[in-house]
Amino acid sequence: MSIYVASSGKTTLECDMAYSNFSEGGRHYVPCIIRGPVDLGCLARSLGIIEGDCISTEIYKICREGDHLYMTIDVEKAFSLGKTPGEIAKYILIISDICSNK
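Heads up, the final residue of the sequence shown is numbered 209 in this note's numbering, and it's a clean run with no missing numbers.
Written out as structure tokens, the structure is:
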């Protein structure tokens, strides 16, 4: 098992990078948990996404689950755009920290 853990300010991110273990609809994904006082509305606006219970693009989906955010990253889509799931996760972590309640 390969776990990616990173933090920025008040926000931490933990992703299970063993994406061959996770698939839905025939596509592999990386599951992540984002902890910290992240404002999902701010995150949506910062990413240019319509705000809702969950926010999503073709690469990732982020939903609030209790006291944290749950994110899935579509592995094949990330690779097709020349990015790794780890790069996507780090990008979301940085923006999540900016959107933390200060």
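For glycine and all other residues, C-beta sits at the position ideal for the given N, C-alpha and C.
This structure is a prediction, so every number in the text was calculated from the model and none was measured.
Selection 132, 137, 162 evaluated against residue 197 yields 137 as nearest (Cα-Cα).
Non-local C-beta neighbours of residue 142 in its own chain, meaning closer than 6 Å and more than five positions away in sequence, comprise 119, 175, ordered along the chain. Nearest to residue 112 by alpha-carbon distance, out of 203, 129, 139, 207, is 139. Look at the beta carbons and you see the region 161-170 touching the region 192-206: at least three pairs across the two are nearer than 8 Å.
Here the alpha carbon of residue 146 sits roughly 12 Å from the alpha carbon of residue 160.
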